[in-house]
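For the sequence shown, this note's numbering begins at 314 and goes up steadily by one.
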Amino acid sequence: MTGHWRPSLGFVLGGALGATLVVSFAGLVALRYLGPVIGFRNAAILLALSITLVTAVLGWLLVRLLLRPIRALEAYAEAQERGDTPAPPRHFGTHELHATARRVIAMAETLRDREATIRAFTDQVTHELRTPVTAIRAASELLEDGGALGRDDAALVAQVDGACTQIERQLAALREVARARETRYLGTSRLDELLPGLREDHAKLVLQVEGGSAPLPIAGAGMKIVLGQLLRNAGEHGAGRVLLHARTGNGAAFLEVQDDGAGISPGNAGRVFDPFFTTRRGAGGTGMGLAIVRSLLSAHGAAIRLLPAERGTRLRIVFAPSVR
Numbered sequence: 314m315t316g317h318w319r320p321s322l323g324f325v326l327g328g329a330l331g332a333t334l335v336v337s338f339a340g341l342v343a344l345r346y347l348g349p350v351i352g353f354r355n356a357a358i359l360l361a362l363s364i365t366l367v368t369a370v371l372g373w374l375l376v377r378l379l380l381r382p383i384r385a386l387e388a389y390a391e392a393q394e395r396g397d398t399p400a401p402p403r404h405f406g407t408h409e410l411h412a413t414a415r416r417v418i419a420m421a422e423t424l425r426d427r428e429a430t431i432r433a434f435t436d437q438v439t440h441e442l443r444t445p446v447t448a449i450r451a452a453s454e455l456l457e458d459g460g461a462l463g464r465d466d467a468a469l470v471a472q473v474d475g476a477c478t479q480i481e482r483q484l485a486a487l488r489e490v491a492r493a494r495e496t497r498y499l500g501t502s503r504l505d506e507l508l509p510g511l512r513e514d515h516a517k518l519v520l521q522v523e524g525g526s527a528p529l530p531i532a533g534a535g536m537k538i539v540l541g542q543l544l545r546n547a548g549e550h551g552a553g554r555v556l557l558h559a560r561t562g563n564g565a566a567f568l569e570v571q572d573d574g575a576g577i578s579p580g581n582a583g584r585v586f587d588p589f590f591t592t593r594r595g596a597g598g599t600g601m602g603l604a605i606v607r608s609l610l611s612a613h614g615a616a617i618r619l620l621p622a623e624r625g626t627r628l629r630i631v632f633a634p635s636v637r
C-alpha cells in the first residue's frame with residue numbers, strides 16, 4: 314500500500330453517475346444532429362457503440378477502484394481466519410477503502426501477535442513448571458522407596474505426590490485451552506453424522522437427538538471435542554440420558570445439551586466456565602473442561618451459556634450469523 318493518490322469514494326460514485334448522465338444526454342443531442350446527416354439508423358448504431366465503450370470503461374474503473382480491493386481484503390480476512398499468514402493486499406482503489414484496509418490489517422496483526430504471545434507464555438510457563446514438578450515427584454518416590462517413613466510422613470509424601478499429579482493435569486489442561494483457541498475447525502457438521510461415534514465413546518449414556526440434520530458451522534472434529542467434553546461432564550455428574558437438540562434460524566445455529574444428572578447449584582452457576590473451577594478436585598478434576606469448550610467455541614464465533622433447568626444441566630450453544 315504505497316502513497317499513491319487515491320480518489321475518494323464520493324468522487325468515484327459521483328463521477329460514475331455524472332458520466333452516465335452526460336453520456337445519455339450527449340447521445341440524445343448527437344442523435345438529433347447526426348441523424349439528418351448520416352441517417353438515424355447509422356447514428357443510432359454509432360451512438361450505441363460509443364455508449365457501450367464508455368460504459369465498459371466506467372465498469373472497468375469501478376471494478377478496479379471498488380470491487381477488486383474489496384475482494385482482496387475479503388481474501389486476506391479469510392486467510393487470517395484459516396490461521397495462515399497472508400501478505401497484505403497491495404492495491405486499494407479509494408481513500409476510504411485504503412483507510413479501512415489499513416485498520417483491518419493492523420487489527421489482524423495485533424490479534425495474531427496477542428495469540429502468539431499467549432501461546433508462547435503458556436508454553437514457557439508449562440515448561441518451567443514441569444521441571445520442579447518432576448524433581449518433587451522424584452524426591453517423593455525416593456522417600457517412599459526408602460521404607461523408613463512413619464505413617465504421618467508417608468501420608469504427607471503421598472499428599473505431595475498427589476499434588477504433583479494435580480499440577481501436571483492442570484498444566485496439560487492449560488495447554489489444551491491455548492490449543493483450543495488457536496486451532497480452527499472450518500466447515501460444517503450435523504449431529505446425525507456424529508451420533509455413531511458419540512454413542513460408541515459414551516456407551517453408558519442414552520443419547521437422544523432432535524434436529525440431527527441441522528447444519529452446525531463447525532467441522533466435525535471440532536464439534537466432537539465440544540460434545541465429547543459436555544457428555545463426559547454429564548456422565549461424571551450422574552446423568553444417564555442426554556438430549557441433543559439442534560436447530561437453525563435467522564442465519565444462526567443453536568445447539569442445546571440437556572442431561573438428567575445432578576445439575577449445577579445456583580451458587581456455582583456463575584463460575585462453571587471459569588478456568589480451574591471444579592467440584593471434583595478430589596476425583597482428579599482440573600476445572601478446565603468447560604473452559605476448553607468455551608475457548609474453542611469462541612474461536613469459531615460461538616458462545617455457550619448455562620440455562621435454567623428443572624432437572625440436570627441445560628447448556629445452549631449459539632453460532633452467530635456468519636459474516637463471511
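The beta-carbon is built from N, C-alpha and C at its ideal position, and this holds for glycine as well.
List the residues that DSSP assigns as beta-bridge partners of leucine 620.
Locating residue 620 in the sequence shown gives position 307, where the first residue counts as 1. Arg627.
With 16 other CB atoms within 10 Å as the buried threshold, where does glutamine 571 fall?
Along the sequence shown, one-based indexing puts residue 571 at 258. Buried is the call here.
Whole angstroms are fine: how far does the CA of proline 530 sit from the CA of leucine 543?
Counting from 1 along the sequence shown, the entry for residue 543 is found at position 230. Counting from 1 along the sequence shown, the entry for residue 530 is found at position 217. Between leucine 543 and proline 530, the C-alpha separation is close to 18 Å.
In terms of residues, what are the limits of the alpha helix (DSSP H) holding glycine 562?
Residue 562 sits at position 249 when you count from the first residue of the sequence shown. That residue, glycine 562, is in no alpha helix (DSSP H); its beta strand (DSSP E) goes 554-562.
Along the chain, where does the alpha helix (DSSP H) containing phenylalanine 324 start, and where does it finish?
Along the sequence shown, read from residue 1 onward, the residue named residue 324 stands at position 11. Segment 322-351, the alpha helix (DSSP H) holding phenylalanine 324.
Mind reading off the beta-carbon distance from threonine 626 to glycine 576? Whole number of angstroms is fine, and I expect it under 8 Å.
One-based indexing of the sequence shown puts residue 626 at position 313. One-based indexing of the sequence shown puts residue 576 at position 263. Taking C-beta atoms under 8 Å as the contact rule, threonine 626 and glycine 576 qualify, at a distance of about 5 Å.
Please report how far the alpha carbon of arginine 482 lies from the alpha carbon of glycine 475, in whole angstroms.
Counting from one through the sequence shown, the residue named residue 482 turns up at place 169. Counting from one through the sequence shown, the residue named residue 475 turns up at place 162. Using only the alpha carbons, I get a separation of about 11 Å.
How far does the beta strand (DSSP E) with alanine 565 in it reach, from first residue to last?
Walking along the sequence shown from the start, residue 565 turns up at place 252. Taken as a continuous stretch (DSSP letters only), the beta strand (DSSP E) holding alanine 565 covers 565-572.
Determine the direct distance from the alpha carbon of glycine 328 to that of leucine 359, and round the result to whole angstroms.
Taking the sequence shown and counting its residues from 1, the one referred to as residue 359 is at position 46. Taking the sequence shown and counting its residues from 1, the one referred to as residue 328 is at position 15. Computed Cα separation, rounded: 24 Å.
So, at 6 Å on beta carbons, what are the nonlocal neighbours of glutamate 523 in its own chain, with the 5 sequence-adjacent residues on each side left out?
Along the sequence shown, read from residue 1 onward, the residue named residue 523 stands at position 210. Contacts found: His558.
Quick one: is leucine 405 buried, meaning 16 or more other Cβ sit within 10 Å of its Cβ, or exposed?
For the purposes of this step, residue 405 is taken as the residue at position 92 of the sequence shown. Checking the sequence shown, residue 405 turns out to be phenylalanine, not leucine. Burial call: buried.
Please tell me whether leucine 508 and methionine 536 are closer than 8 Å, where the distance is taken between their beta carbons.
Start at 1 with the first residue of the sequence shown, and residue 508 comes out as number 195. Start at 1 with the first residue of the sequence shown, and residue 536 comes out as number 223. Contact: no.
Might you give, ordered along the chain, the residues of its own chain that have their beta carbon closer than 8 Å to the beta carbon of leucine 344, omitting 5 neighbours on each side?
Counted from its first residue, the sequence shown places residue 344 at position 31. Excluding positions up to five away in sequence, the list reads Phe353, Ala356, Ala357 and Leu360.
On a Cα-Cα basis, can you pick out the residue from Val555, Ala622, Asn563 and Gly323 that is closest to leucine 582?
Position 269 of the sequence shown, counted from the first residue, corresponds to residue 582. The amino acid at residue 582 is misidentified as leucine; the sequence shows alanine. The alpha carbon of alanine 582 has as its nearest neighbour, out of Val555, Ala622, Asn563 and Gly323, the alpha carbon of Ala622.
Leaving out the 5 sequence neighbours to the left and right, which residues in its chain are closer than 8 Å to valine 519 when beta-carbon positions are compared?
Counted from its first residue, the sequence shown places residue 519 at position 206. So the qualifying residues of the chain are Gly553, Arg554 and Val555.
Could you tell me whether the Cβ atoms of threonine 407 and leucine 322 are closer together than 8 Å?
Start at 1 with the first residue of the sequence shown, and residue 407 comes out as number 94. Start at 1 with the first residue of the sequence shown, and residue 322 comes out as number 9. Yes, they are a contact pair.
Looking at valine 370: is its Cβ nearer than 8 Å to the Cβ of alanine 390?
As a working note, residue 370 is residue 57 in the sequence shown. As a working note, residue 390 is residue 77 in the sequence shown. No, they are not a contact pair.
Output needed for leucine 603: all residues of its chain with C-beta closer than 6 Å, excluding positions within five of it in sequence on either side, in chain order.
The residue given as residue 603 occupies position 290 in the sequence shown. The beta carbon of leucine 603 sits closer than 6 Å to the beta carbons of Val585 and Phe586 from its chain, once the five residues preceding and following it are set aside; these are given in chain order.
Residues in its own chain within less than 6 Å of leucine 504 by CB, not counting five upstream and five downstream?
What you label residue 504 is simply residue 191 of the sequence shown in a count that begins at 1. Here the set comprises Val522, Gly525, Leu557 and Ala559.
Proline 382: buried (16+ other C-beta within 10 angstroms of its C-beta) or exposed?
The sequence position of residue 382 within the sequence shown is 69, counting from 1. Proline 382 is buried by the Cβ-count criterion.
Please tell me whether alanine 419 and glutamine 393 are closer than 8 Å, where the distance is taken between their beta carbons.
The residue you call residue 419 lines up with position 106 of the sequence shown. The residue you call residue 393 lines up with position 80 of the sequence shown. No. Outside cutoff.
Is the beta carbon of leucine 609 less than 8 Å from the beta carbon of isoleucine 538?
Taking the sequence shown and counting its residues from 1, the one referred to as residue 609 is at position 296. Taking the sequence shown and counting its residues from 1, the one referred to as residue 538 is at position 225. For the pair leucine 609 and isoleucine 538, the CB atoms are nearer than the 8 Å cut-off.
Apart from the five residues just before and just after isoleucine 630, which ones in its own chain have a Cβ nearer than 8 Å to its Cβ?
For this step, residue 630 is matched to residue 317 along the sequence shown. Excluding residues within five positions, the ones whose Cβ falls inside 8 Å are Val539, Phe567, Leu568, Glu569, Val570, Leu610, Ala615, Ala616 and Ile617.
Can you give me the start and stop residues for the alpha helix (DSSP H) that valine 539 sits inside?
The residue given as residue 539 occupies position 226 in the sequence shown. Taken as a continuous stretch (DSSP letters only), the alpha helix (DSSP H) holding valine 539 covers 533-549.
Rank Gly533, Val335 and Gln479 by C-alpha distance to the C-alpha of glycine 500 and give the top, closest one.
Looking up residue 500 in the sequence shown gives position 187. If we check each option's Cα against that of glycine 500, Gly533 comes out closest.
Beta-carbon separation (whole angstroms), alanine 612 vs threonine 561, contact threshold 8 Å
Locating residue 612 in the sequence shown gives position 299, counting from the first residue. Locating residue 561 in the sequence shown gives position 248, counting from the first residue. With 8 Å as the limit, alanine 612 and threonine 561 do not qualify as a contact, their Cβ atoms being about 21 Å apart.
So, valine 325 versus leucine 379, is the Cβ gap smaller than 8 Å?
Here residue 325 refers to the residue found at position 12 of the sequence shown. Here residue 379 refers to the residue found at position 66 of the sequence shown. Yes, Cβ-Cβ distance for valine 325 and leucine 379 is below 8 Å.
Measuring CA to CA, which of Asn563, Ala471 and Gly463 is closest to isoleucine 449?
Taking the first residue of the sequence shown as 1, we reach residue 449 at position 136. The candidate whose alpha carbon is nearest that of isoleucine 449 is Ala471.
For proline 349, is the classification buried or exposed, using 16 other Cβ atoms within 10 angstroms of its Cβ as the cut-off for buried?
Counting from 1 along the sequence shown, the entry for residue 349 is found at position 36. Looking at its Cβ environment, which holds fewer than 16 other Cβ atoms inside 10 Å, proline 349 is exposed.
Identify every run of the beta strand (DSSP E) within the region 349-391, keeping only runs that are complete inside it and at least 3 residues long; order them along the chain.
The qualifying runs do not exist here; there are none.
DSSP on valine 585, reduced to helix/strand/coil?
As a first step, residue 585 must be located in the sequence shown, where it is residue number 272. In the structure shown, valine 585 adopts coil according to DSSP, grouped into three states.
Consult DSSP for serine 608 and reduce its assignment to one of helix, strand or coil.
As a working note, residue 608 is residue 295 in the sequence shown. The answer is helix: DSSP assigns serine 608 an H, G or I state.
Using DSSP with H/G/I as helix, E/B as strand and the rest coil, what is leucine 455?
By 1-based counting over the sequence shown, the position of residue 455 is 142. Here leucine 455 carries a helix assignment [DSSP, helix/strand/coil].
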